[in-house]
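Okay, so the sequence shown: first residue is 1 according to full-length UniProt numbering, each after it adds one.
To keep things clear, I will list the structure first and then write my remarks on it.
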Amino acid sequence: MTAVLTQSSVPQVRASVRYSTYSMAPSFANTVQTNDSAHAEIADIATGLDRMENKALSSQRVTLSEEKTANMSKLALGAKLERALDRRMSSQDAVMRPRGKTLTEKTTAA
1 MTAVLTQSSV PQVRASVRYS TYSMAPSFAN TVQTNDSAHA EIADIATGLD
51 RMENKALSSQ RVTLSEEKTA NMSKLALGAK LERALDRRMS SQDAVMRPRG
101 KTLTEKTTAA
């Protein structure tokens, strides 16, 4: 039996030497992953995400219409503004007191 070698299965020899940033020792590892390993990694991530998804909860998820989304964003903005104004007014030290009568030149001259 003869094994068939393809271009992608044969490791290529590097013409230059890449040095490790930690030890300054030469490293001959491939710097770019092959397509096969990238596809395998993506498939592994996808299966992990599928296992994490809760099917019962995702069936209950609601999609809002554009009008409801706009209303929700307006309500959220109003609540945010109200919280900001409450913080601003709560840190004021001034106390409002009723003003007394002030004397002006007109009242003193009369």
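Beta carbons are placed, not taken as given, at the ideal position from N, Cα and C, and that holds for glycine.
Because the structure is a prediction, the values reported are computed rather than measured.
Under the DSSP assignment, L57 falls in the alpha helix (DSSP H) whose first and last residues are 55 to 60. Pairing L64 with M72 gives a Cβ-Cβ distance under 8 Å. A distance below 6 Å between beta-carbons, with the five flanking residues on each side excluded, links P98 to no residue of its chain.
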